[in-house]
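This report concerns only the one structure given below.
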Amino acid sequence: MNYQYLRYLARTGITYLHPHRREATELLIAQLDLRPGEQVLEIGCGSGATLVEIALRYPVQLRGIDLLEEMLAVARRRVRLCGLTGRIQLQQGRENIPLPFADASFDKVYCESVLGIQDAASAQLMLGEIYRVLKPEGRFVTNEAIWKTGIPEDRIATINRAGLSNFGLRQASEEPWTLPNWLALFRTHGFTAIACPLLADLPRTSGTLPVRPQPGKRWRSEALTRMLQLKSLLHPGLLRERRRYRQLLHQHRGDGQFVEARLFTLLKTRKVFDEAALP
Numbered sequence: 070m071n072y073q074y075l076r077y078l079a080r081t082g083i084t085y086l087h088p089h090r091r092e093a094t095e096l097l098i099a100q101l102d103l104r105p106g107e108q109v110l111e112i113g114c115g116s117g118a119t120l121v122e123i124a125l126r127y128p129v130q131l132r133g134i135d136l137l138e139e140m141l142a143v144a145r146r147r148v149r150l151c152g153l154t155g156r157i158q159l160q161q162g163r164e165n166i167p168l169p170f171a172d173a174s175f176d177k178v179y180c181e182s183v184l185g186i187q188d189a190a191s192a193q194l195m196l197g198e199i200y201r202v203l204k205p206e207g208r209f210v211t212n213e214a215i216w217k218t219g220i221p222e223d224r225i226a227t228i229n230r231a232g233l234s235n236f237g238l239r240q241a242s243e244e245p246w247t248l249p250n251w252l253a254l255f256r257t258h259g260f261t262a263i264a265c266p267l268l269a270d271l272p273r274t275s276g277t278l279p280v281r282p283q284p285g286k287r288w289r290s291e292a293l294t295r296m297l298q299l300k301s302l303l304h305p306g307l308l309r310e311r312r313r314y315r316q317l318l319h320q321h322r323g324d325g326q327f328v329e330a331r332l333f334t335l336l337k338t339r340k341v342f343d344e345a346a347l348p
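Using our numbering, read the sequence shown as starting at 70 and increasing by one per residue.
In structure tokens:
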């Protein structure tokens, strides 16, 4: 994947790039069950919006890692504007390379629409690394779009091929993995799923998370997002890209009917390799 669409979005200030947007993020944060002093890692932190949301609500230490320097540049700016450089550390990762953290470094790990778009080898490497860096009985939470049951494999291949060509991204996993396949994959890599609801079935929770009294810092994060969005509307090159991607998104508008967005909450338990359980 070349992530061309994500590189464009990094310059436009768009945040919460996953199904159900900010509300899905709030549901994910609630499932993390954060405790004071915990060490928390986000894989694929993008422009840093979720990291900042967590830091403004919970007294935890955060690390964010992302492949794209374009995203990290915005994230660094956001963290600095919000006065959170002492609480949030950012670094660039490398594709299909082990995470640059010691074993059992984190109490919680999360990601948003990152694991679900990988090829089979990358997804398994990623799960192995998450297991490694989590502390015993640590928690991994992720919201992902996965294939619905019964979608023909040739349809999945066609959709993903078009997504890679037009956006540098897959619609969902390279393999035709549905919910049972993902649960088997998690078990094989040492995780016990304690919840995996459809995001569409969950009650609306916007505004229900605990809020620490730092409204000024939250406003700075939102102001940065709006400023980048405004600048993108005044940039001729970005306007051309915006028109092109809007046309492409319109062409692909029907692809969403083949996937379902789920919120997975997983506990690190004991890794038992079972080749028969692999998807």
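Even glycine gets a Cβ: it sits at the ideal position worked out from N, Cα and C.
Please read these numbers as outputs of a predicted model, since none were measured by experiment.
**Q.** Sufficient close CB pairs (3 or more, under 8 Å) joining the region 312-329 to the region 249-261
**A.** Contact fails between the region 312-329 and the region 249-261, because fewer than three Cβ pairs, one in each stretch, are under 8 Å apart.
Q) Going by DSSP, which residues form a beta bridge with residue 132? A) Per DSSP, 110, 158.
Q. Taking DSSP as the reference, what is the three-state secondary structure of residue 94?
A. Residue 94 sits in a helix when the DSSP states are folded into three classes.
**Q.** Backbone secondary structure at residue 334 - three-state DSSP
**A.** If DSSP states are grouped into helix, strand and coil, residue 334 belongs with the strands.
Q: Name the one or two DSSP bridge partners that residue 208 has.
A: Per DSSP, the beta bridge partners of residue 208 are 177, 336.
Q. Residues bridged to residue 215 by DSSP?
A. Within the DSSP bridge table, the entry for residue 215 names 329 as partners.
Q) Taking the alpha-carbon positions, what's the residue 299 to residue 238 distance? A) Their backbone Cα atoms lie some 25 Å apart in a straight line.
Q. Using a Cβ-Cβ cut-off of 6 Å (strictly less than) and excluding sequence neighbours within five positions of residue 140, which residues of its own chain qualify?
A. A distance below 6 Å between beta-carbons, with the five flanking residues on each side excluded, links residue 140 to the following residues of its chain, in chain order: 79, 115, 116.
Q | Supposed close pair residue 178, residue 112 - CB separation, criterion 8 Å | A | The pair is a contact, with the Cβ atoms about 7 Å apart (cut-off 8 Å).
Q: Identify whether residue 261 lies in helix, strand or coil by the three-state DSSP scheme.
A: Judged by DSSP in its simplified three-state form, residue 261 adopts strand.
(Q) Could you check whether the region 211-227 touches the region 85-99, counting it as contact only if at least three pairs of C-beta atoms, one from each stretch, sit closer than 8 Å? (A) Judged by Cβ distances under 8 Å, the region 211-227 makes contact with the region 85-99, as three or more pairs qualify.
Q | Alpha carbon of residue 107 to alpha carbon of residue 278, nearest angstrom | A | If I take the Cα positions, the gap works out to 18 Å.
Q: Look up residue 267 in the DSSP assignment and say whether it is helix, strand or coil.
A: Reduced to three states, the DSSP call for residue 267 is strand.
Q: For residue 268, decide whether its Cβ has a neighbour in chain C, counting only Cβ atoms nearer than 8 Å.
A: No chain C appears in the structure shown, which is made up of a single protein chain.
Q) According to the Cβ coordinates, are residue 181 and residue 94 closer than 8 Å? A) It is a contact, given that the beta carbons lie within the stated cut-off.
Q: Excluding the 5 residues preceding and the 5 following residue 157 in the sequence, name in chain order all residues of the same chain whose CB lies nearer than 6 Å to its CB.
A: Excluding its 5 nearest sequence neighbours in each direction, residue 157 has C-beta neighbours in its own chain below 6 Å: 120, 124, 131, 148, listed in chain order.
**Q.** Reduced DSSP secondary structure (H/G/I, E/B, other) of residue 317
**A.** In this structure, DSSP gives residue 317 a helical state, which the three-state scheme calls helix.
Q. Does the Cβ of residue 331 have 16 or more other Cβ atoms within 10 Å, making it buried, or fewer, making it exposed?
A. Buried, by the Cβ-count rule.
Q. Are residue 110 and residue 202 closer than 8 Å when you measure CB to CB?
A. Yes; because the gap between Cβ atoms is below 8 Å, this pair is in contact.
Q: Would you check whether the ligand SAH has a heavy atom nearer than 7 Å to the C-beta of residue 144?
A: This structure lacks the ligand SAH, and indeed carries no ligand of any kind.
Q | Whether residue 73 touches residue 236 by CB criterion (8 Å) | A | Cβ atoms of residue 73 and residue 236: closer than 8 Å.
(Q) If the criterion is Cβ atoms closer than 8 Å, does the pair residue 118 and residue 290 meet it? (A) The beta carbons of residue 118 and residue 290 sit closer together than 8 Å.
Q.
Judging by CA-CA distance, which residue of 133, 92, 227 is the nearest neighbour of residue 168?
A. It is 133.
Q: Given a cut-off of 8 Å, decide if residue 199 and residue 241 are closer than it, judged by their beta-carbon atoms.
A: In this structure, residue 199 does not lie closer than 8 Å to residue 241 by Cβ.
Q: State yes or no: is the C-beta of residue 150 within less than 8 Å of the C-beta of residue 268?
A: No, the pair does not count as a contact, with Cβ atoms beyond the cut-off.
Q. Among the residues of its own chain, which have a CB less than 7 Å from the CB of residue 225, if the five just before and after it don't count?
A. Closer than 7 Å at Cβ, skipping near neighbours: 216, 245.
Q: Determine, using beta carbons only, whether residue 337 and residue 205 come nearer to each other than 8 Å.
A: Their beta carbons are under 8 Å apart, which means residue 337 touches residue 205 by this criterion.
Q.
According to DSSP, simplified to helix, strand and coil, what is residue 78?
A. Helix.
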